[in-house]
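For the sequence shown, the working numbering assigns the number 691 to the initial residue and increments by one for each residue that follows. Positions of the beta carbon are idealized from the N, C-alpha and C atoms, including for glycine. Here the structure is a predicted model, which is why all the values come from computation and not from measurement. Notes for the one structure printed next.
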Amino acid sequence: MVVVHRFSGGQTPTEILRFMWLLGQTETQNENKTMFEILEMRNGGNNTVLHEAVRNGHYKVVDFLLEVEPKLACVENNEGESPLYLAAREGMAEIVVQILFATPSAAHGGSEGLTALHAAVIERHYGNSTHTSIN
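And the structure:
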């Protein structure tokens, strides 16, 4: 079986998990790859499965992926956008917190030289979080 190492984007959680299962079924092709190398595979926009889960607001998939491989939060796409930047830009405070707890040194870059903090401020996603402070 040949598995294409790129996916089209906009996948549902079920499709993402099926993709990961198919990768596990191709042992001869992937036997020398680490879990990170498999999960770091990119689509046409150079997005990882974590980028797509964030972009589509799949909180549980984000949580699962960060638990399996927190280094995914350190990867930027062709536009220089990190998963943290995408979550901050869209006002997904829960995902921002998930990423920061899983990987405090997560990439924060975004398009046009902006950072996740720039995106949150520009989009006015501040001061309305329901999360409590960290002790």
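Neighbourhood of residue i by C-beta, 6 Å cutoff - its chain only, sequence neighbours within 5 removed
i      : result
Pro760 : Ala792 and Thr793
Glu771 : Gly800 and Ser801
Asn736 : Asn767 and Asn768
Ala806 : Leu774, Tyr775, Ala778 and His798
Val786 : Ala777 and Ala778
For residue i: DSSP bridge partner residues
i      : result
Thr805 : Gly799
CB-CB length for residue i against residue j, believed under 8 Å
i      : j      : result
Leu774 : Ile789 : 5 Å
Asn767 : His741 : 6 Å
Arg732 : Thr738 : 6 Å
Leu762 : Glu784 : With 8 Å as the limit, Leu762 and Glu784 do not qualify as a contact, their Cβ atoms being about 17 Å apart.
Distance, residue j Cα to residue i Cα
i      : j      : result
Val744 : Ala777 : 6 Å
Phe726 : Gly747 : 22 Å
Gly734 : Val752 : 20 Å
Leu755 : Arg779 : 20 Å
Glu813 : Cys764 : 22 Å
Cβ-based neighbour list, residue i, same chain, cut-off 7 Å, excluding 5 preceding and 5 following
i      : result
Gly781 : Glu813 and His815
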